[in-house]
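**Student:** Per our numbering, the sequence shown starts with residue 133, numbered consecutively. For glycine and all other residues, C-beta sits at the position ideal for the given N, C-alpha and C.
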Amino acid sequence: MIIRPLSVPRLALLLSLCCSAAPSLGAQSPGDRVLLEQLRDSLAATSDLGSLRAMEGELMALARYDRDNAFLHLRLGFVALRMGQLTEGTISRRHYDDAGGEFEWAIQQQPDWPWGWYGLGLAELGAGNSEFALVEGIQTMLGRDALTRSANAFAKSAEVDPGFADGLVELSNTALQQRINSRMDVALAALRRAGRTPAAATPAVLLSRGRVERASGSLDSSAASLRGLLAQDTSNTLAWLELSRTLFLQDDPAAADFWYRGLAAAGPATLALYRDDLRTVVPDSLLDRFDRSDPDGRLELLRTFWRARDADELHPSGARLAEHYRRLDYARRSYRLVSERRQFNIAERYRSGQTEYDDRGIIYIRHGEPDATARYNAPGIEPNETWLYRREGEDLLFHFVARQDVQDFRLVESVFDVLPFRSTVAMIDAEGLRDDARGDALARHTEGLLRSREGMSPIYARLMGV
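1) Judging by CA-CA distance, which residue of Val414, Ser425, Arg421 is the nearest neighbour of Ala440?
2) Identify, in the order they occur along the chain, each residue of the same chain with its Cβ nearer than 7 Å to the Cβ of Asp567, setting aside the five sequence neighbours on each side.
3) Where in the segment 464-540 do unbroken runs of the alpha helix (DSSP H), each at least 4 residues long, occur, reported from the N-terminal end onward?
4) For the candidate residues Leu194, Gly189, Val544, Ala371, whose alpha-carbon lies nearest to that of Ala401?
5) On the CB-based measure, 16 or more other CB atoms within 10 Å of its CB, does Ala326 come out buried or exposed?
6) Along the beta strand (DSSP E) that carries Leu542, what are the first and last residues, could you check?
7) Excluding the five sequence neighbours on either side, which residues of its own chain have a C-beta within less than 7 Å of the C-beta of Ile513, listed in chain order?
8) Short of 6 Å in beta carbon distance, which residues of its chain neighbour Leu143, apart from the five on each side in sequence? Order them along the chain.
9) Hey, Gly342 and Leu358 are a contact pair by Cβ (cut 8 Å); roughly how many whole angstroms apart?
10) When you compare each of Val470, Asp444, Arg498 to Tyr457 by their alpha carbons, which one comes out closest?
11) What separation, rounded to the nearest whole angstrom, lies between the Cα atoms of Leu574 and Ser584?
12) Considering Cα atoms alone, identify which of Ala355, Ala443, Ala396, Ala397 is closest to Asp382.
13) What's the call for Ile495, buried or exposed, on a 16-neighbour Cβ count within 10 Å?
14) For the pair the segment 299-315 and the segment 343-350, tell me if three or more CB-CB distances fall below 8 Å.
15) Output yes or no for whether 8 Å exceeds the beta carbon distance between Arg311 and Ala283.
16) Write down the C-beta distance between Trp237 and His205 rounded to the nearest angstrom, noting that I regard them as a contact closer than 8 Å.
17) What is the rounded straight-line gap between the Cα of Asp490 and the Cα of Tyr462?
18) Does the distance from the CB of Asp409 to the CB of Leu460 come in under 8 Å?
19) Given that a residue counts as buried once 16 or more other Cβ atoms are within 10 Å of its Cβ, and exposed if not, what is Ile591?
20) Have a look at Ala195 and Ala231 and give me their C-alpha separation to the nearest angstrom.
21) The alpha helix (DSSP H) with Glu586 in it runs from where to where?
22) With burial defined as no fewer than 16 other Cβ atoms inside 10 Å of the residue's Cβ, what is the status of Arg465: buried or exposed?
23) If we count the other Cβ atoms within 10 Å of its Cβ and call it buried at 16 or more, is Thr178 buried or exposed?
24) Out of Leu395, Val292, Gly251, Glu488, which has the shortest C-alpha to C-alpha gap to Thr412?
25) Can you tell me whether Ile239 is buried or exposed, with buried defined as 16 or more other CB within 10 angstroms of its CB?
26) Give every residue of the same chain whose Cβ lies closer than 7 Å to the Cβ of Val557, excluding the five residues on either side of it in the sequence, and list them in chain order.
27) What is the rounded straight-line gap between the Cα of Leu171 and the Cα of Arg207?
28) I'd like the list of long-range same chain contacts for Asp444, defined as Cβ closer than 6 Å, with 5 residues on each side in sequence excluded.
29) What is the DSSP secondary structure of Leu595, reduced to helix, strand or coil?
30) CB-CB under 7 Å to Ala336, same chain, minus the five flanking residues each way: which ones, in chain order?
31) Do you know how far the Cα of Ala363 is from the Cα of Gly251?
32) My understanding is that Ala255 touches Leu218, with C-beta atoms under 8 Å, so please give their C-beta distance in whole angstroms.
33) Taking Tyr467 and Gly493 to be in contact with their CB atoms under 8 Å, please state how far apart those CB atoms are, rounded to whole angstroms.
34) Just to confirm the assignment, what range does the alpha helix (DSSP H) spanning Phe235 have?
35) DSSP three-state call for Gly360: helix, strand or coil?
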């Protein structure tokens with residue numbers, strides 16, 4: 133069915149039909165929801181700001197005479213949301229703020245309607261956080277960041293109507309995006325409560341539940357939800373990918389077959405998820421070929437890649453692919469970044485481009501659990517770690533320091549990069565250090581740092597002159 137944007141007269145007619153009826157008490161009627169869905173579909177197909185402004189004007193004119201009509205404020209809110217999506221910068225934020233105000237007004241009139249809370253959640257997501265990283269960090273620590281605000285609103289929509297599918301899906305998506313203050317427990321409870329409603333069988337809710345159950349550690353429930361989705365539609369490639377992600381964590385031998393089945397027929401959106409899962413281990417040149425290949429070519433490319441990795445590491449067939457997904461899961465749980473805004477100074481040579489997890493996560497995904505780790509804790513010394521991987525021929529050592537954020541460990545070239553930059557420069561002038569109290573402190577830190585790594589490599593003992 134082709135959805136055509138509502139013209140202003142058609143919109144006004146639709147509004148008059150809605151506003152002529154007395155506001156419903158309690159839950160919204162099915163007819164109310166149909167009208168709201170029609171408006172949202174029409175707005176999604178509208179990209180003409182002039183037409184949207186005219187719609188907004190018509191709605192505001194009606195609101196002057198019917199200020200307490202919650203349904204009217206919902207409509208104004210969704211129009212403002214669409215205008216926010218089509219604009220940028222401060223103008224966009226102003227529209228999202230306007231939308232939030234309209235939804236809050238609707239909530240005051242009808243707090244038991246889910247659509248007001250749902251719209252407020254969308255408005256909070258659109259408004260986002262402060263442009264200043266420091267302020268954004270404070271907002272996040274206080275639980276006032278955009279994701280937390282929106283998650284709270286979506287949770288309320290699911291609370292007032294446990295079968296409200298749109299709210300359940302957005303609550304789940306938001307909880308999965310949150311890096312701190314996660315509402316995963318709230319999303320899981322809402323999804324399980326919805327199990328007694330018709331919404332539980334809808335594809336979007338089944339997919340959301342499969343993801344949230346897995347993120348919460350309930351792998352059997354995750355698999356059951358995703359199998360339920362595939363029972364409705366075996367061509368859903370996203371469901372095949374999500375089911376394989378769950379089954380890899382369960383060591384299920386069918387996981388790889390499901391993974392390749394989803395890959396074979398994946399469209400652009402699902403392919404992007406496959407690519408994101410692969411980009412930490414597959415070379416850029418191979419990813420370029422992946423992007424240019426047809427479905428058969430992609431399958432052969434990745435089958436060859438994983439077979440080679442199995443052979444290199446003496447794994448049974450398919451074991452390295454399964455291990456990759458277990459490492460991805462662990463990295464996201466243990467090394468996930470709090471903020472996506474990573475800033476680098478000119479002295480930092482390695483820049484992963486990752487915003488999902490810190491550099492320890494990247495090394496973990498590529499090499500697995502280290503054979504040994506070491507840290508040096510002392511006043512004035514930034515959090516640091518060294519990881520050792522024992523290998524035939526030459527061991528691998530990786531050094532990490534968290535300078536700007538205690539949860540963002542960066543890969544550095546040398547263990548001496550753990551020392552403060554100013555002190556490291558001072559080390560060059562050995563004569564100047566003898567009479568400098570700071571030099572004594574640096575010497576102690578240097579010795580302590582080397583001793584903490586002494587068991588990892590003979591080179592550290594030699595550097596201490598032992």
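**Tutor:** In this structure, then:
1) For the purposes of this step, residue 440 is identified with residue 308 of the sequence shown, where counting begins at 1. Ranking the options by Cα distance to Ala440, first place goes to Val414.
2) By one-based count along the sequence shown, residue 567 stands at place 435. In this prediction, Asp567 scores a pLDDT of 46, lower than 50, which makes its location untrustworthy; the coordinate-derived value is nonetheless stated afterwards. Counting only Cβ-Cβ distances below 7 Å, and skipping sequence neighbours, we find nothing.
3) 491-499
4) Numbered from 1 along the sequence shown, position 269 holds the residue referred to as residue 401. It is Ala371.
5) For the purposes of this step, residue 326 is taken as residue 194 along the sequence shown, with counting starting at 1. Looking at its Cβ environment, which holds 16 or more other Cβ atoms inside 10 Å, Ala326 is buried.
6) By 1-based counting over the sequence shown, the position of residue 542 is 410. Just to set this straight, residue 542 is Arg in the shown sequence, not Leu. That run of the beta strand (DSSP E) goes 542-544.
7) Taking the sequence shown and counting its residues from 1, one reaches residue 513 at position 381. Excluding sequence neighbours, Ile513 sits near Val550, His577.
8) Numbered from its first residue, the sequence shown carries residue 143 at position 11. Its pLDDT being 46, under 50, Leu143 is placed unreliably in this model, and the value from its coordinates should be taken loosely. So the qualifying residues of the chain are Met187.
9) Residue numbering aside, residue 342 sits at position 210 when the sequence shown is read from its first letter. Residue numbering aside, residue 358 sits at position 226 when the sequence shown is read from its first letter. Their Cβ separation, rounded to whole angstroms, is 4 Å, which keeps Gly342 and Leu358 in contact under 8 Å.
10) The count along the sequence shown starts at 1 and reaches residue 457 at position 325. When each option's Cα is compared against that of Tyr457, the closest is Arg498.
11) Position 442 of the sequence shown holds residue 574. Position 452 of the sequence shown holds residue 584. Approximately 15 Å, taken between the alpha carbons.
12) Looking up residue 382 in the sequence shown gives position 250. Correcting the residue type first, residue 382 is Gln in the shown sequence and not Asp. Closest by alpha carbon: Ala355.
13) The count along the sequence shown starts at 1 and reaches residue 495 at position 363. So Ile495 counts as buried.
14) yes
15) In the sequence shown, counting from the first residue as 1, residue 311 sits at position 179. In the sequence shown, counting from the first residue as 1, residue 283 sits at position 151. Going by C-beta atoms, Arg311 is not nearer than 8 Å to Ala283.
16) Position 105 of the sequence shown, counted from the start, is the residue given in the question as residue 237. Position 73 of the sequence shown, counted from the start, is the residue given in the question as residue 205. At roughly 5 Å, the Cβ-Cβ gap stays under 8 Å, so Trp237 and His205 are in contact.
17) For the purposes of this step, residue 490 is taken as the residue at position 358 of the sequence shown. For the purposes of this step, residue 462 is taken as the residue at position 330 of the sequence shown. Their Cα atoms are separated by approximately 13 Å.
18) Against the sequence shown, residue 409 aligns to sequence position 277. Against the sequence shown, residue 460 aligns to sequence position 328. Contact: yes.
19) For this step, residue 591 is matched to residue 459 along the sequence shown. Burial call: exposed.
20) For this step, residue 195 is matched to residue 63 along the sequence shown. For this step, residue 231 is matched to residue 99 along the sequence shown. Looking at the two C-alpha atoms, the distance is approximately 14 Å.
21) Counting from 1 along the sequence shown, the entry for residue 586 is found at position 454. No alpha helix (DSSP H) contains Glu586, which DSSP labels as neither H nor E.
22) In the sequence shown, counting from the first residue as 1, residue 465 sits at position 333. The residue in question, Arg465, is exposed, as its Cβ has fewer than 16 Cβ neighbours within 10 Å.
23) Against the sequence shown, residue 178 aligns to sequence position 46. Looking at its Cβ environment, which holds 16 or more other Cβ atoms inside 10 Å, Thr178 is buried.
24) Counting from one through the sequence shown, the residue named residue 412 turns up at place 280. With distances taken between Cα atoms, Thr412 lies closest to Glu488.
25) Against the sequence shown, residue 239 aligns to sequence position 107. Per the 10 Å Cβ criterion, buried.
26) Here residue 557 refers to the residue found at position 425 of the sequence shown. Model confidence at Val557 stands at a pLDDT of 46, short of 50, so the residue's coordinates are unreliable and nothing is read from them.
27) Taking the sequence shown and counting its residues from 1, one reaches residue 171 at position 39. Taking the sequence shown and counting its residues from 1, one reaches residue 207 at position 75. Roughly 8 Å separates the two Cα atoms.
28) As a position in the sequence shown, residue 444 is number 312, starting the count at 1. Within the same chain, Asp444 has no close Cβ partners at all.
29) Along the sequence shown, one-based indexing puts residue 595 at 463. Leu595 falls in the helix class under three-state DSSP.
30) Along the sequence shown, one-based indexing puts residue 336 at 204. Counting only Cβ-Cβ distances below 7 Å, and skipping sequence neighbours, we find Ala297, Val301.
31) Here residue 251 refers to the residue found at position 119 when the sequence shown is read from its first residue. Here residue 363 refers to the residue found at position 231 when the sequence shown is read from its first residue. Each residue's Cα considered, the two are about 32 Å apart.
32) The sequence position of residue 255 within the sequence shown is 123, counting from 1. The sequence position of residue 218 within the sequence shown is 86, counting from 1. Not confirmed; about 15 Å, so no contact.
33) Walking along the sequence shown from the start, residue 467 turns up at place 335. Walking along the sequence shown from the start, residue 493 turns up at place 361. Right, the Cβ-Cβ distance comes to about 3 Å (below 8 Å), so this counts as a contact.
34) Indexing the sequence shown from 1 puts residue 235 at position 103. Residues 221-241.
35) What you label residue 360 is simply residue 228 of the sequence shown in a count that begins at 1. Helix at Gly360.
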